[in-house]
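All remarks here apply to the structure that follows.
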Amino acid sequence: MIDHHDLVTYRAVCAQNQAGPFDFTAQGDDARGRDAVLSTMQDVPLTVTRILTHGVRVHGRSQIITWTGEAEPRRRSFAEAGERAVRLANALRDELGVRENDRVATLMWNNAEHVEAYFAVPSMGAVLHTLNLRLPAEQLVWIVNHAADRVVVVDASLIPLLAPLLPKLPTVEHVVVSGPGDRTPLEGTGARVHAYEELIDGRPTTYDWPELDERRAAAMCYTSGTTGDPKGVVYSHRSIYLHSMQVNMTESMGLTDQDLSLVVVPQFHVNAWGLPHATFMSGINMLMPDRFLQPGPLAEMIERERPTHAAAVPTIWQGLLAELTARPRDVSSLVQVTIGGAACPPSLMESFDRLGMRVCHAWGMTETSPLGTVARPPAHAVGTDEEFGYRLTQGRFAAGVEARLTGPGGERLPWDGTSAGELEVRGPWIAGAYYNGPDAEPFRPDDKFSADGWLKTGDVGTISPEGFLTLTDRAKDVIKSGGEWISSVELENALMSHPDVAEAAVIAVPDDKWGERPLATVVLREGAAADYAALRAFLEEECGIARWQLPERWTIVEAVPKTSVGKFDKKVLRRWYADGGLDVTRL
Ligand code: AMP
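With the first letter of the sequence shown counted as 1, position 467 gets the number 466 in numbering that gives the first Met the number 0; the numbers rise by one all the way through.
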């Protein structure tokens, strides 16, 4: 739990901000001692509203292009989307009775309407809650009830997912349907149903936005809940604003209004890594794939709309690579690809480099907004043999993100590039607690936060003296064999560099002699035959994996199971193994 002192301080700061955003005399008592020099700067709250109005006024011609699967995508300028966001806010307030702090959920693909909700809801002082449409039904029900959402904005194509859940969602009073589709399954569910376009049609094109405290809640997102119940992270206006500036730094994504960014990472996965907000700050054009996330349509939209940048987890890019190998396309416009959410396999980076698409590897979490590190090689390594190695790390910490490594006994480890420990971080866009429902205070579980308030990431790795993070594993995925650690990620990357291997996931399985040993689950490329001995020899001879780390247990699977955000789901693999569902060969 957050201690009393924190809450008192927090409330004092809020009260102080309420005194007036331009009142520079409202500086804390600690700044007002004898001989104090008071800052003379204006105190303007950093809010999502300001990002919206800036994007509309200064970058009004930039575009959101939404893929439709038809001859023409939908094109909407920031000015148009901004005006529609204003009309949506008016409708939410006047027609649906949405008030400040109400939770407005979205169950949507990446598209222009979703961006409109991104800005309308926080700007009016309500809280945007993005729902992960790939979660199992019971988790969605749990999350909506925990957040006590009053409104759900749903894409018409997702009505079959939402309608059966509504009877179990007592707090949801309104459903707003975006796009054409059959709305009858929503009838009789108790919620009032509105059509998005009809709802915003004819509404006022101005809104007297409230001057919000920058520390107030703007948006929330639940972690995917691989262990225990999902946990709610509530982003503040300030954290979103500062994070967006970081996304825009040259060191991070560094895009401008000359760029078109293909935002594949879902808007429900950590705010699409901050891109919708960052784009409104810098006028970056967005290409939104809507529900067309399969490799074929992605390749087509790249060829036709010519984005310069794209962002997604590695599994999306593995699929695109296979597609481009089978059916080559002109992807020459795409010069920068941000990959994060899971480790980027070196083979994927090499293949993309060969196609002229330069991968930039980044690390983050739902709890970190998500941008934590970005792997831009340092100047001294550019053009040398060391460059690729730097690009494969998770990268250097963003300014504002402080990091430390903690050993198994709680000791601090040095940034020497070899001492491996759990990564802990803190900073202005890092979570300091989880949401505990509308009537309760935020909470800080011991396994997620240190006593002094740092976020324990659950990621294990090293930090070099230059500040480059290299993750070796998730703490729960590392294989503990005879007192030594084997990195599952290193084995996976090595396996996926073999030409016969499409995907590979390695999990720890119990072993009488060593405690745990690696089990390699492999997806073969079309036409390849399983030759475990050859794969094992490849790991040792070509990849330099130490003999004691080589897996002796092997199995072929049709596809590695994926989580709701497209990462390898090792929990499912572990269950299959425990249930005897895998056909394991022992060498
Ligand atoms: P999520 O909150 O679902 O985005 O998951 C966050 C977790 O994804 C992190 O704690 C890491 O374990 C993993 N992750 C994210 N980015 C990377 C990366 N570049 N390399 C390795 N793991 C990553």
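Think of the CB as a built atom: it goes at the ideal place given N, C-alpha and C, for glycine as much as any other residue. In this text the structure is predicted, and so the values were computed from the model without any measurement.
request  = Return the chain-ordered ranges of every beta strand (DSSP E) run that is complete within the region 40-92 and spans a minimum of 3 residues.
outcome  = 62-65, 73-76
ask   = Do L130 and A104 have their CB atoms nearer than 7 angstroms?
value = Translated into the one-based positions of the sequence shown, residue 130 becomes position 131. Translated into the one-based positions of the sequence shown, residue 104 becomes position 105. Taking 7 angstroms as the Cβ cut-off, L130 and A104 qualify as a contacting pair.
query = In chain order, what residues of the same chain have a beta carbon less than 6 angstroms from the beta carbon of L538, not counting five sequence neighbours either side?
reply = The sequence position of residue 538 within the sequence shown is 539, counting from 1. Counting only Cβ-Cβ distances below 6 angstroms, and skipping sequence neighbours, we find A493, I544, L549.
message = According to DSSP, simplified to helix, strand and coil, what is G388?
response = For the purposes of this step, residue 388 is identified with residue 389 of the sequence shown, where counting begins at 1. Three-state result, G388: helix.
inquiry  = I need the DSSP call for E502, collapsed to helix, strand or coil.
reply    = On the sequence shown, residue 502 is found 503 positions in, with the first residue counted as 1. In the structure shown, E502 sits in a strand (DSSP, three-state: E or B).
query = CB D499 to CB L523, shorter than 7 angstroms?
reply = Taking the first residue of the sequence shown as position 1, residue 499 is located at position 500. Taking the first residue of the sequence shown as position 1, residue 523 is located at position 524. With respect to the 7 angstroms criterion, D499 and L523 are classified as neighbours on the basis of their beta carbons.
query = Do L391 and the ligand AMP come close, with the Cβ less than 6 angstroms from some heavy atom?
reply = What you label residue 391 is simply residue 392 of the sequence shown in a count that begins at 1. L391: no, Cβ never under 6 angstroms from the ligand AMP.
key: 3-residue-minimum beta strand (DSSP E) runs that sit fully inside the region 263-305, ordered along the chain   = 284-287
message = For the structure I just gave you, are there three or more beta carbon pairs, one from the region 342-362 and one from the region 507-517, closer than 8 angstroms?
response = no
ask   = Going by alpha carbons, who is nearest to L490 out of G526, G54, W553, L454?
value = Here the question's residue 490 lines up with position 491 in the sequence shown. Of the listed residues, the one whose Cα sits closest to L490 is W553.
query = Mind checking whether A111 and T65 have CB atoms under 7 angstroms apart?
reply = Start at 1 with the first residue of the sequence shown, and residue 111 comes out as number 112. Start at 1 with the first residue of the sequence shown, and residue 65 comes out as number 66. Yes; because the gap between Cβ atoms is below 7 angstroms, this pair is in contact.
Residue span of the beta strand (DSSP E) that contains A216, given as start and end = Numbered from 1 along the sequence shown, position 217 holds the residue referred to as residue 216. For A216, the uninterrupted beta strand (DSSP E) run begins and ends at 216-221, by DSSP.
ask   = Do the region 240-260 and the region 268-285 make contact, defined as three or more Cβ pairs closer than 8 angstroms?
value = Pairwise C-beta distances place the region 240-260 in contact with the region 268-285, as three or more of them are shorter than 8 angstroms.
ask   = CB of D458 to nearest heavy atom of the ligand AMP: below 6 angstroms?
value = Looking up residue 458 in the sequence shown gives position 459. Yes - the ligand AMP has a heavy atom lying nearer than 6 angstroms to the Cβ of D458.
task = Could you have a look at P509 and say whether DSSP puts it in helix, strand or coil?
result = Counting from 1 along the sequence shown, the entry for residue 509 is found at position 510. The answer is strand: DSSP assigns P509 an E or B state.
task = List the whole-angstrom C-beta distance separating E421 from A474, where the pair is believed to meet the contact cut-off of C-beta under 8 angstroms.
result = As a position in the sequence shown, residue 421 is number 422, starting the count at 1. As a position in the sequence shown, residue 474 is number 475, starting the count at 1. Sure, about 6 angstroms apart at Cβ, within 8 angstroms.
inquiry  = At a threshold of 6 angstroms, does L347 count as lining the ligand AMP (C-beta to nearest heavy atom)?
reply    = Counted from its first residue, the sequence shown places residue 347 at position 348. No, the Cβ of L347 stays beyond 6 angstroms of every heavy atom of the ligand AMP.
inquiry  = Considering only the alpha carbon of each residue, which of A147, P560, Y434, V176 lies closest to R574?
reply    = For this step, residue 574 is matched to residue 575 along the sequence shown. Taking only the C-alpha atoms, the option nearest R574 is P560.
task = Measure the alpha-carbon distance for Y600 versus N270 and round it to whole angstroms.
result = Residue coverage of the chain in this structure runs from 0 to 586, which leaves residue 600 outside it and unanswerable.
Proximal residues to D415 (C-beta, below 7 angstroms), its chain only, five neighbours per side dropped = As a working note, residue 415 is residue 416 in the sequence shown. Excluding residues within five positions, the ones whose Cβ falls inside 7 angstroms are P464.
Every unbroken alpha helix (DSSP H) inside the region 542-579 [4 residues or more] = Taking only runs of at least 4 residues, the alpha helix (DSSP H) segments lying wholly in the region 542-579 are 569-577.
task = Measure the beta-carbon distance from A80 to L198 and round it to whole angstroms, keeping in mind my assumption that it falls under 8 angstroms.
result = As a position in the sequence shown, residue 80 is number 81, starting the count at 1. As a position in the sequence shown, residue 198 is number 199, starting the count at 1. About 16 angstroms; that fails the 8 angstroms criterion.
key: Reference G318, options A78, E483, C542, V263, closest by Cα   = On the sequence shown, residue 318 is found 319 positions in, with the first residue counted as 1. Minimum Cα distance to G318 is reached at V263.
task = Check whether the Cβ of S463 sits closer than 6 angstroms to any heavy atom of the ligand ADP, and report yes or no.
result = Of the ligands one can find in the structure shown, namely the ligand AMP, none is the ligand ADP.
query = Tell me which same chain residues have a C-beta within less than 7 angstroms of the C-beta of L572, skipping the five on either side of it?
reply = Here the question's residue 572 lines up with position 573 in the sequence shown. Here the set comprises A504, I506, T520, P560.
ask   = What is the rounded straight-line gap between the Cα of L132 and the Cα of F442?
value = Locating residue 132 in the sequence shown gives position 133, counting from the first residue. Locating residue 442 in the sequence shown gives position 443, counting from the first residue. Cα-Cα distance, rounded: 26 angstroms.
message = Please report the distance separating the alpha-carbon of M107 from that of V152.
response = Within the sequence shown, numbered from 1, the residue matching residue 107 stands at position 108. Within the sequence shown, numbered from 1, the residue matching residue 152 stands at position 153. Between M107 and V152, the C-alpha separation is close to 7 angstroms.
ask   = With 16 other CB atoms within 10 Å as the buried threshold, where does V381 fall?
value = Indexing the sequence shown from 1 puts residue 381 at position 382. It is exposed - the Cβ of V381 has fewer than 16 other Cβ atoms within 10 Å.
V192 - partner residues in DSSP beta bridges = Residue mapping note: residue 192 aligns to position 193 of the sequence shown, counting from 1. Paired residue(s): V174.
query = Is the region 182-191 touching the region 199-219 in the sense that three or more CB pairs, one from each, lie closer than 8 angstroms?
reply = No, they do not touch.
8 angstroms Cβ shell around D582 - same chain, five flanking residues per side excluded = Counted from its first residue, the sequence shown places residue 582 at position 583. For D582, where only same-chain residues beyond five positions count, the Cβ hits under 8 angstroms are T554, I555.
task = Measure the CB-CB distance between G394 and T417 and report whether it falls below 7 angstroms.
result = Sequence index remark: in the sequence shown, residue 394 carries index 395 (1-based). Sequence index remark: in the sequence shown, residue 417 carries index 418 (1-based). Going by C-beta atoms, G394 is not nearer than 7 angstroms to T417.
ask   = In three-state DSSP terms, what is D352?
value = Stepping through the sequence shown from its first residue, residue 352 is reached at position 353. Annotated three-state conformation of D352 is helix, per DSSP.
ask   = Where do the N-terminal and C-terminal ends of the beta strand (DSSP E) with H497 fall, by residue?
value = If you number the sequence shown from 1, residue 497 lands on position 498. That residue, H497, is in no beta strand (DSSP E); it is neither H nor E in DSSP.
ask   = In its own chain, which residues sit with a C-beta less than 6 angstroms from the C-beta of D568, not counting the 5 before and 5 after it?
value = Reading the sequence shown from its first residue, position 569 is the one you call residue 568. Correct list, in chain order: P560, K561, T562.
task = Quick one: give me the first and last residue of the alpha helix (DSSP H) that A532 is part of.
result = As a position in the sequence shown, residue 532 is number 533, starting the count at 1. Start and end: 531-540.
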